[in-house]
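Visitor: Protein chains in written order, with my numbering: chain R, 4 to 115; chain Y, 470 to 662.
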Amino acid sequence: MHRAVLTEDKKRAAYRALENRILNGEGRASPEQRARAFSNAGLSSPLDGLLGKVATRPTQVTDADIAAARAAGFSEDELFELVICAAVGQSARLYDAGLAALAEAVAGEEDG
Amino acid sequence: MRLEVLNRGYGPGTKLLFAAIRLFSRHPVPDAAKLVFYRPDFYGSRAKEFTHEAMRGPSPWSVGDRELMAAYVSQANESAFCIGAHTATARQAYQDGPKVAAVLADLESAPVEKPLQATLRMLGKLTREGKVGAEDLRQVLSTGVSRQQVEDALAVCAAFNTTDRLADAFGFEVLSPEGFEAGAKYLLKRGYR
Chain R
4 MHRAVLTEDK KRAAYRALEN RILNGEGRAS PEQRARAFSN AGLSSPLDGL LGKVATRPTQ
64 VTDADIAAAR AAGFSEDELF ELVICAAVGQ SARLYDAGLA ALAEAVAGEE DG
Chain Y
470 MRLEVLNRGY GPGTKLLFAA IRLFSRHPVP DAAKLVFYRP DFYGSRAKEF THEAMRGPSP
530 WSVGDRELMA AYVSQANESA FCIGAHTATA RQAYQDGPKV AAVLADLESA PVEKPLQATL
590 RMLGKLTREG KVGAEDLRQV LSTGVSRQQV EDALAVCAAF NTTDRLADAF GFEVLSPEGF
650 EAGAKYLLKR GYR
């Protein structure tokens, strides 16, 4: 008989530590800005263009996207942080979607 | 890379290390390696820890299987640097270039075990479409893949969906075939930490 609740393994714990650091630790960009980058929501132009691409079509990021964000006043260190938040945010959504579908599949097995 | 700080923003100790890597490997330091040395307390240290755990930590999947998953996810993201790096690493880990090439050319006709094939199919769908359902997971489990194996595969998928995005957003320079082979050798010897 297997357990219905997924136990937190070492891999997931390491991932949560990364998420927690980039969102809540010290940074040049504000925690609010980092949270918006992570969730790819509530961003204003031109950051929304750059970070939206990082989340959903990263191969389309161009030098001009970075230049537009720099011209809007964001430093390279802020952009370093925000791009990372956007990338980790999208992969976190995929990770969570996969684990949720797995939990549902396993629960169905146990009910049946 | 697109941010000047990622090209030049390193302290003297790190610059010395990069010089030593260039000297001993006779190849440029890959941008993937540079990225994790820039302000490592923000991203690099924890990213290395997670990636190492996913790729080299205890798992029913072999190192070759996990490197192939990394290459397959990177292909779904069309991330040139990561496809090159992890195709080379999977080939060396398996000592089987044709198998890796066949999977990346056409998963459905590739001569690969059913559990690995089903897992790769699910990771590809999740990466491309952003979602999978319970039915997709039931299909994977029905080939004999354990729950632990699915969880471990999802960790690989998370690691490379992050790295692929950073590679393309920051503009990692694609290496020569020899550069990718040298990087693969290093990753098999030392891992990601």
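Every residue gets a Cβ at the ideal spot worked out from N, C-alpha and C, and that includes glycine.
(1) What is the C-beta distance between residue 609 of chain Y and residue 587 of chain Y, in whole angstroms, given that I count them as a contact (C-beta under 8 Å)?
(2) From residue 67 of chain R to residue 33 of chain R, what does the alpha carbon distance come to, in whole angstroms?
(3) How is residue 56 of chain R classed by DSSP in three states: helix, strand or coil?
(4) So with CB distances below 9 Å, who are the chain Y contacts of residue 24 of chain R?
(5) Look up residue 508 of chain Y in the DSSP assignment and say whether it is helix, strand or coil.
(6) Rounded to a whole number of angstroms, what is the C-alpha to C-alpha distance between residue 550 of chain Y and residue 607 of chain Y?
(7) Does the Cβ-Cβ distance between residue 40 of chain R and residue 85 of chain R come in under 8 Å?
(8) Report the three-state DSSP secondary structure of residue 546 of chain Y (helix, strand or coil).
(9) Short of 8 Å in beta carbon distance, which residues of its chain neighbour residue 8 of chain R, apart from the five on each side in sequence? Order them along the chain.
(10) Please go through the same chain and pick out, in chain order, the residues whose beta-carbon is closer than 6 Å to the beta-carbon of residue 115 of chain R, but skip the five residues on each side of it.
(11) Compute the beta-carbon to beta-carbon distance between residue 538 of chain Y and residue 660 of chain Y, rounded to the nearest angstrom, for a pair I have assumed lies under 8 Å.
(12) Short of 8 Å in beta carbon distance, which residues of its chain neighbour residue 578 of chain Y, apart from the five on each side in sequence? Order them along the chain.
(13) Can you find the residues in the same chain that come closer than 7 Å, C-beta to C-beta, to residue 555 of chain Y, ignoring five residues on each side of it along the sequence?
(14) Alpha carbon to alpha carbon, how far is residue 585 of chain Y from residue 70 of chain R?
(15) Would residue 506 of chain Y and residue 479 of chain Y qualify as a contact pair, given that the criterion is a beta-carbon distance under 8 Å?
(16) By Cβ distance, which residues of its chain are closer than 8 Å to residue 638 of chain Y, with the 5 residues on each side in sequence left out?
(17) Do residue 46 of chain R and residue 72 of chain R come within 8 Å of each other at the CB atom, strictly closer than that value?
(18) Kindly list, in the order they appear in chain Y, the residues whose Cβ is closer than 9 Å to that of residue 90 of chain R.
(19) I'd like the span of the alpha helix (DSSP H) that includes residue 610 of chain Y, first residue to last.
(20) Using the beta-carbon of each residue, which ones in chain Y are nearer than 7 Å to residue 94 of chain R?
(21) So, helix, strand or coil for residue 42 of chain R, using DSSP?
(22) Considering only the alpha carbon of each residue, which of Y/548, Y/589, Y/511, Y/491 lies closest to residue 621 of chain Y?
(23) Restricting to Cα atoms, I'd like to know which of Y/601, Y/475, Y/564 is closest to residue 534 of chain Y.
Guide: Quick look at the numbers:
(1) Numbered from 1 along the second sequence, position 140 holds the residue referred to as residue 609 of chain Y. Numbered from 1 along the second sequence, position 118 holds the residue referred to as residue 587 of chain Y. In this structure residue 609 of chain Y touches residue 587 of chain Y by the C-beta definition: roughly 5 Å separates them, less than 8 Å.
(2) By one-based count along the first sequence, residue 67 of chain R stands at place 64. By one-based count along the first sequence, residue 33 of chain R stands at place 30. When rounded, the distance between both Cα atoms is 24 Å.
(3) Counted from its first residue, the first sequence places residue 56 of chain R at position 53. Helix at residue 56 of chain R.
(4) In the first sequence, the residue the question calls residue 24 of chain R occupies position 21. Correct list: 510, 511, 512, 514, 515.
(5) In the second sequence, residue 508 of chain Y corresponds to position 39, counting from 1. Coil, per DSSP.
(6) What you label residue 550 of chain Y is simply residue 81 of the second sequence in a count that begins at 1. What you label residue 607 of chain Y is simply residue 138 of the second sequence in a count that begins at 1. Whole-angstrom Cα-Cα distance: 33 Å.
(7) Numbered from 1 along the first sequence, position 37 holds the residue referred to as residue 40 of chain R. Numbered from 1 along the first sequence, position 82 holds the residue referred to as residue 85 of chain R. Contact: yes.
(8) Reading the second sequence from its first residue, position 77 is the one you call residue 546 of chain Y. Secondary structure of residue 546 of chain Y (DSSP, three-state): coil.
(9) Working through the first sequence from its first residue, we reach residue 8 of chain R at position 5. Its pLDDT being 46, under 50, residue 8 of chain R is placed unreliably by the model, and the measurement read from it follows with that caveat. Excluding residues within five positions, none has a Cβ falling inside 8 Å.
(10) Residue 115 of chain R sits at position 112 when you count from the first residue of the first sequence. The predicted position of residue 115 of chain R is uncertain, since its pLDDT is 48 and thus under 50; no value can be drawn from it.
(11) To locate residue 538 of chain Y, count along the second sequence from 1; it is residue 69. To locate residue 660 of chain Y, count along the second sequence from 1; it is residue 191. About 16 Å separates the CB atoms of residue 538 of chain Y and residue 660 of chain Y; that is not less than 8 Å, and the two are not in contact.
(12) Taking the second sequence and counting its residues from 1, the one referred to as residue 578 of chain Y is at position 109. For residue 578 of chain Y, where only same-chain residues beyond five positions count, the Cβ hits under 8 Å are 571.
(13) As a first step, residue 555 of chain Y is located in the second sequence; it is residue number 86 there, counting from the start. Apart from the 5 residues on each side of it in sequence, residue 555 of chain Y sits with its Cβ closer than 7 Å to the Cβ of 536, 539, 540, 543 in its chain, given in chain order.
(14) Counting from 1 along the second sequence, the entry for residue 585 of chain Y is found at position 116. Counting from 1 along the first sequence, the entry for residue 70 of chain R is found at position 67. Their backbone Cα atoms lie some 42 Å apart in a straight line.
(15) Counting from one through the second sequence, the residue named residue 506 of chain Y turns up at place 37. Counting from one through the second sequence, the residue named residue 479 of chain Y turns up at place 10. With a cutoff of 8 Å on beta-carbon distance, residue 506 of chain Y and residue 479 of chain Y are scored as near each other.
(16) What you label residue 638 of chain Y is simply residue 169 of the second sequence in a count that begins at 1. Excluding residues up to 5 positions away in sequence, 471 lie with their Cβ nearer than 8 Å to the Cβ of residue 638 of chain Y in the same chain.
(17) Locating residue 72 of chain R in the first sequence gives position 69, counting from the first residue. Locating residue 46 of chain R in the first sequence gives position 43, counting from the first residue. Residue 72 of chain R places its beta carbon 8 Å or farther from that of residue 46 of chain R.
(18) Working through the first sequence from its first residue, we reach residue 90 of chain R at position 87. Going along chain Y in sequence order, the residues near residue 90 of chain R (Cβ under 9 Å) are 630, 631, 632, 633, 634, 635, 638.
(19) Along the second sequence, read from residue 1 onward, the residue named residue 610 of chain Y stands at position 141. From DSSP, the alpha helix (DSSP H) with residue 610 of chain Y extends over 603-611.
(20) Within the first sequence, residue 94 of chain R is the residue found at index 91, counting from 1. Residues of chain Y whose Cβ lies closer than 7 Å to the Cβ of residue 94 of chain R are, in chain order, 627, 630, 631.
(21) Within the first sequence, the letter at position 39 stands for residue 42 of chain R. In the structure shown, residue 42 of chain R sits in a helix (DSSP, three-state: H, G or I).
(22) Counted from its first residue, the second sequence places residue 621 of chain Y at position 152. The shortest C-alpha separation from residue 621 of chain Y is found at Y/589.
(23) Against the second sequence, residue 534 of chain Y aligns to sequence position 65. Out of Y/601, Y/475, Y/564, Y/564 has the C-alpha closest to the C-alpha of residue 534 of chain Y.
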